[in-house]
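Throughout, this note's numbering is defined as the position within the sequence shown, counted from one, plus 112.
Note that beta-carbon positions come from the ideal geometry of N, C-alpha and C, so glycine has one too.
See below for the structure under consideration.
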Amino acid sequence: MDGAPPRAWLLMAAGSNRGHGGNAGYDDQIDAYYSWDSNVPNHTKLSVGDPIALWDKERLLGVSVIEEIETASGLKPLNRCPDCGTTRISVRKRAEPRYRCMKCRHEFAAPDVDVVDVTEYRARYDAAWTSLDGLLDERELRSLAVHAGDINAMRPLDWAAFSAALSTRHADRAVDRVAARADISWQPTHVEFTQGFSHALVRVRRGQRQFREHLLAAQGTVCAFTGGAPARVLEAGHLYSYAQLGTHFQHGGLMLRRDIHRLFDDGLLAVEPARLRIDVAEPLAQFPQYARLHGQPLASALQDPQVDWLDKHWHEHRQGAGAGAAG
């Protein structure tokens, strides 16, 4: 792919264990949101559209893309060493006194408590969340940080090297899902396909957010598979592998409800190109809300390039992977 790799982050998420002797930890839900405050290094550097990988000090938990960052004013209690005032203190499980200062080595039974004003941050990323529990271990993850020896809870991640590591472990679909939602600018190119058709790339230069606005304007607040839906739950779904092509085609997407988007990406939902009817894969047919979609027409009118992309998707997930449709 052309263009610079995205800025990405390795985030340490261990619930209340993400504190230390100097604070009480943070509220995290690893498959939905991540919290921090203005006392944390790099606290202002994370942005909407940044790819993230979460780990728990021992193994990779999963990957996603930041959708939004909420901020609020708050108060935070900090535990300080009574001797030197630092927050670099550890809590010992068995030894007494319970606390030990990592700076001056002073040992004490109870810290001084200092309540300070902070800005609280919460990043939401559940739309693209993909669990990859244990796919990479601690040693591998530390080696993929941009800065060797970085010990911060939020540290820059070498996205190109990280993506390559996932690909070697057959997690290309997770990389694709992240790349499709990351807010990345790409240079326009021209792509030819062996089937004989080609498309010039639309000059959408500012990433996924602008691609979504383009599709919303063209298609309205309609999920192509299920019909009308609130704009908040609709996403711009690519009809091709964005990770492989690295650009947004003018007619290369459909508005899809969040769950439908994930299922389409995974090939559990597809569109039969000859009849333009929804096809529900057998593993999904056990759920009535999806089974009822089988054989139904799409709720959105299609342009010819969209039909071409759906045909390629069909060949990849049905004819290429073997028939598995419901009904």
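- Judged by DSSP secondary structure, residue 167 falls within the beta strand (DSSP E) whose first and last residues are 163 to 167.
- Under the three-state reduction of DSSP output, residue 180 falls in the strand class.
- With at least 16 other beta carbons inside 10 angstroms of its own, residue 174 counts as buried.
- Excluding five sequence positions before and after residue 383, the CB atoms of its chain that fall closer than 8 angstroms to its own CB belong to 389, 390, 391, 410, 422, 425 and 426, given in chain order.
- DSSP places residue 402 within a helical segment (H, G or I) once states are collapsed to three.
- Between the beta-carbon of residue 281 and that of residue 247 there is about 5 angstroms, and that keeps the pair under the 8 angstroms contact cut.
- Look at residue 255 here: in three-state DSSP terms it is helix.
- Each residue's CA atom was taken as its position, placing residue 218 and residue 343 some 56 angstroms apart.
- In this structure, the CA atom of residue 273 is about 31 angstroms from the CA atom of residue 346.
- Fewer than three Cβ pairs drawn from the stretch 191 to 204 and the stretch 242 to 261 lie within less than 8 angstroms of each other, which leaves the two stretches out of contact.
- For the options 225, 387, 145 and 192, the alpha carbon positioned closest to that of residue 165 is the one of 145.
- Look at residue 194 here: in three-state DSSP terms it is coil, with no helix or strand label.
- Residue 324 and residue 336 have their alpha carbons spaced roughly 14 angstroms apart.
- Residue 229 is classed as exposed because its beta carbon has fewer than 16 other beta carbons within 10 Å across all chains shown.
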